[in-house]
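Asks: Numbering (the working numbering), first residue to last: 14 to 312.
Even glycine gets a Cβ: it sits at the ideal position worked out from N, Cα and C.
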Amino acid sequence: MSYEVYMHGQILGTHSFLLKGDFLRPDEYSELSAKYFLPGGETGTAATVLASLGVKVKIDGTHIGTEVAPLLKEFYKDKSVDLSSLYFDPDYEGLMDYVVIAGLVRSPMGVFQSLYEPGAKRRWSMPKEEDIANCKVAAIDPFFIEATQATAELCVKHKKPFVTIDCKHDSYLHRNCAVNVVSKECTGSPEYCGKTPEEIYELLTETTDGLVIITAGEKDMLYGRKGQPVKRMKPFPVEVRSTLGAGDTFKAGCVYGLLQGFDDDALVRFASACSAIAISRFPLPLYPPTMEEVTKLLG
Numbered sequence: 014m015s016y017e018v019y020m021h022g023q024i025l026g027t028h029s030f031l032l033k034g035d036f037l038r039p040d041e042y043s044e045l046s047a048k049y050f051l052p053g054g055e056t057g058t059a060a061t062v063l064a065s066l067g068v069k070v071k072i073d074g075t076h077i078g079t080e081v082a083p084l085l086k087e088f089y090k091d092k093s094v095d096l097s098s099l100y101f102d103p104d105y106e107g108l109m110d111y112v113v114i115a116g117l118v119r120s121p122m123g124v125f126q127s128l129y130e131p132g133a134k135r136r137w138s139m140p141k142e143e144d145i146a147n148c149k150v151a152a153i154d155p156f157f158i159e160a161t162q163a164t165a166e167l168c169v170k171h172k173k174p175f176v177t178i179d180c181k182h183d184s185y186l187h188r189n190c191a192v193n194v195v196s197k198e199c200t201g202s203p204e205y206c207g208k209t210p211e212e213i214y215e216l217l218t219e220t221t222d223g224l225v226i227i228t229a230g231e232k233d234m235l236y237g238r239k240g241q242p243v244k245r246m247k248p249f250p251v252e253v254r255s256t257l258g259a260g261d262t263f264k265a266g267c268v269y270g271l272l273q274g275f276d277d278d279a280l281v282r283f284a285s286a287c288s289a290i291a292i293s294r295f296p297l298p299l300y301p302p303t304m305e306e307v308t309k310l311l312g
């Protein structure tokens, strides 16, 4: 299958549990209103959203195994997502997480830290150069050390613009990105402790020619480029059902905007609209934003 976008990063199976009432409290019973096992991860979710927007995508990154591989193959069999570069490990169930959700609050659980323990088997693939050479736009999750670096270097070599997430100002990915979407997970790190969002914006924009977007949940996002005054945008107001996948959907919107050649203002508005639609429903993989819905929200 031909494709327009190449994505390298987290692809996993997500067990999600939506609560009827408030979030979990110690020693108290909680009633579930819904539960699902669906494709997830930053790359997996973004690929689902891009496919819904009519984009052809090829994904690579996390190794898939006996539990996750059948899920992905069944889910994507009628979607424009190419799984052919994924490595199947028959001795591995595949990476999975477990997420409890109640409106604006969610708690993800998993075994991600064990992937990086001394002596742990590497559970991700190195990028294939031909995959990157044949795409128009790429997206890279910053989680897989040498594989992440190699993906970014191949994008630079083949002059493929790429979107990344939560990369700090002194990283190779940030310096060479077309778009870096930075969330509270990054701005709240010790490296930026005590700095205002505006000060972090200055640090980030000084060290790349790409577009920097700093998101802050329901608060104003900041965005702009080197030498430009900071711009602000309020997220679109919607009734929140679940925030699971909101950031991954925003990333997908940025990839779409980059692919279509949107200017910075249009790209940020489009990504924000995609994310707003995503948080208004559950589960996101079964009801991803459509182009009709995004266009309607943009007005």
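Quick one: residues in its chain with C-beta nearer than 6 Å to the C-beta of A82, no 5 flanking neighbours on either side, listed in chain order?
Replies: Counted from its first residue, the sequence shown places residue 82 at position 69. So the list reads F101, once near-sequence residues are dropped.
Asks: Nearest to I145 by CA position, among F36, P155, G312 and A165, is which residue?
Replies: Residue mapping note: residue 145 aligns to position 132 of the sequence shown, counting from 1. When each option's Cα is compared against that of I145, the closest is A165.
Asks: With a Cβ-Cβ cutoff of 8 Å, do L217 and Y236 count as a contact?
Replies: Along the sequence shown, one-based indexing puts residue 217 at 204. Along the sequence shown, one-based indexing puts residue 236 at 223. Result no, Cβ atoms of L217 and Y236 do not sit closer than 8 Å.
Asks: Would you tell me roughly how many angstroms separate the C-alpha atoms of P210 and A229, rounded to the nearest one?
Replies: By 1-based counting over the sequence shown, the position of residue 210 is 197. By 1-based counting over the sequence shown, the position of residue 229 is 216. If you take the alpha carbons of P210 and A229, they lie about 9 Å apart.
Asks: Decide if K264 is buried, meaning its Cβ has at least 16 other Cβ atoms within 10 Å, or exposed.
Replies: As a first step, residue 264 must be located in the sequence shown, where it is residue number 251. By the neighbour-count rule (16 or more Cβ atoms within 10 Å), K264 is buried.
Asks: Assign K172 to one of two classes, buried (16 or more other C-beta atoms within 10 Å of its C-beta) or exposed (fewer than that).
Replies: Within the sequence shown, numbered from 1, the residue matching residue 172 stands at position 159. Exposed is the call here.
Asks: Roughly how many angstroms lie between the CA atoms of T220 and L84, to the nearest whole one?
Replies: As a first step, residue 220 is located in the sequence shown; it is residue number 207 there, counting from the start. As a first step, residue 84 is located in the sequence shown; it is residue number 71 there, counting from the start. T220 and L84: Cα-Cα distance of roughly 40 Å.
Asks: Under the assumption that A191 contacts L271 (Cβ atoms under 8 Å), give the Cβ distance between them as a whole number of angstroms.
Replies: Position 178 of the sequence shown, counting from 1, holds the residue named residue 191. Position 258 of the sequence shown, counting from 1, holds the residue named residue 271. Their Cβ separation, rounded to whole angstroms, is 6 Å, which keeps A191 and L271 in contact under 8 Å.
Asks: Across which residues does DSSP place L32 in a beta bridge pair?
Replies: Position 19 of the sequence shown, counted from the start, is the residue given in the question as residue 32. Answer is L45, bridged to L32.
Asks: By alpha-carbon positions, which one of D276, P298, I178 and F249 ends up nearest to L310?
Replies: The residue you call residue 310 lines up with position 297 of the sequence shown. The option with the nearest alpha carbon to L310 is F249.
Asks: Please classify R188: does DSSP put it in a helix, a strand, or coil?
Replies: Translated into the one-based positions of the sequence shown, residue 188 becomes position 175. Here R188 sits in helix by DSSP.
Asks: Within a Cβ cutoff of 7 Å, which residues of the same chain sit near F157, ignoring the five residues on either side of it in sequence?
Replies: Mapped onto the sequence shown, residue 157 falls at position 144. Hits under 7 Å: G74 and W137.
Asks: Considering T61, what are the terminal residues of the alpha helix (DSSP H) in which it resides?
Replies: Numbered from its first residue, the sequence shown carries residue 61 at position 48. Its alpha helix (DSSP H) spans residues E55 to S65.
Asks: D233 and M246 look like a contact to me (Cβ under 8 Å); what is the Cβ gap, rounded to whole Å?
Replies: Locating residue 233 in the sequence shown gives position 220, where the first residue counts as 1. Locating residue 246 in the sequence shown gives position 233, where the first residue counts as 1. Right, the Cβ-Cβ distance comes to about 7 Å (below 8 Å), so this counts as a contact.
Asks: Which of the three DSSP states, helix, strand or coil, is assigned to T161?
Replies: Counting from 1 along the sequence shown, the entry for residue 161 is found at position 148. The answer is helix: DSSP assigns T161 an H, G or I state.
Asks: Could you pull the DSSP bridge partners for D73 from this structure?
Replies: Numbered from its first residue, the sequence shown carries residue 73 at position 60. According to DSSP, D73 bridges with H21.
Asks: Quick one: grab the DSSP three-state call for K264.
Replies: Your numbering for residue 264 matches position 251 in the sequence shown. Here K264 sits in helix by DSSP.
Asks: So for M139, helix, strand or coil by DSSP?
Replies: In the sequence shown, counting from the first residue as 1, residue 139 sits at position 126. Here M139 sits in coil by DSSP.
Asks: Whether or not the stretch 110-125 and the stretch 29-42 are in contact is what I'm after, with contact meaning three or more pairs of Cβ atoms, one per stretch, closer than 8 Å; do they touch?
Replies: Touching, per the Cβ criterion.
Asks: Considering only DSSP beta bridges, list what T177 is partnered with.
Replies: Indexing the sequence shown from 1 puts residue 177 at position 164. T177 pairs with I153 and N193.
Asks: Would L63 and V307 qualify as a contact pair, given that the criterion is a beta-carbon distance under 8 Å?
Replies: Residue 63 sits at position 50 when you count from the first residue of the sequence shown. Residue 307 sits at position 294 when you count from the first residue of the sequence shown. Their beta carbons are not under 8 Å apart, which means L63 does not touch V307 by this criterion.
Asks: Under a Cβ-count criterion, where at least 16 other Cβ atoms within 10 Å of its own Cβ denotes burial, should K181 be classed as buried or exposed?
Replies: Counting from 1 along the sequence shown, the entry for residue 181 is found at position 168. When all chains shown are included, K181 counts as buried.
Asks: Return the first residue and the last residue of the alpha helix (DSSP H) that L310 is part of.
Replies: In the sequence shown, residue 310 corresponds to position 297, counting from 1. Taken as a continuous stretch (DSSP letters only), the alpha helix (DSSP H) holding L310 covers M304 to L311.
Asks: Just curious, the beta strand (DSSP E) that D110 is in, first and last residue?
Replies: On the sequence shown, position 97 is the one that residue 110 refers to. Segment M109 to A115, the beta strand (DSSP E) holding D110.
Asks: Since P131 sits in a beta bridge, which residues does DSSP pair it with?
Replies: The residue you call residue 131 lines up with position 118 of the sequence shown. Partner(s): none; P131 has no beta bridge.
Asks: Report the rounded CA-to-CA distance for L167 versus D222, giving the unit in angstroms.
Replies: Locating residue 167 in the sequence shown gives position 154, where the first residue counts as 1. Locating residue 222 in the sequence shown gives position 209, where the first residue counts as 1. Straight-line Cα distance between these residues: approximately 18 Å.
Asks: Expressed to the nearest angstrom, what Euclidean distance is found between the alpha-carbon atoms of Y42 and K239?
Replies: On the sequence shown, residue 42 is found 29 positions in, with the first residue counted as 1. On the sequence shown, residue 239 is found 226 positions in, with the first residue counted as 1. Cα to Cα, Y42 sits roughly 51 Å from K239.
Asks: With 16 as the cutoff for other CB atoms within 10 Å, does T79 come out buried or exposed?
Replies: Taking the sequence shown and counting its residues from 1, one reaches residue 79 at position 66. Burial call: exposed.
Asks: Would you kindly work out how many angstroms separate the C-alpha atoms of L299 and A259, rounded to a whole number?
Replies: As a working note, residue 299 is residue 286 in the sequence shown. As a working note, residue 259 is residue 246 in the sequence shown. If I take the Cα positions, the gap works out to 14 Å.
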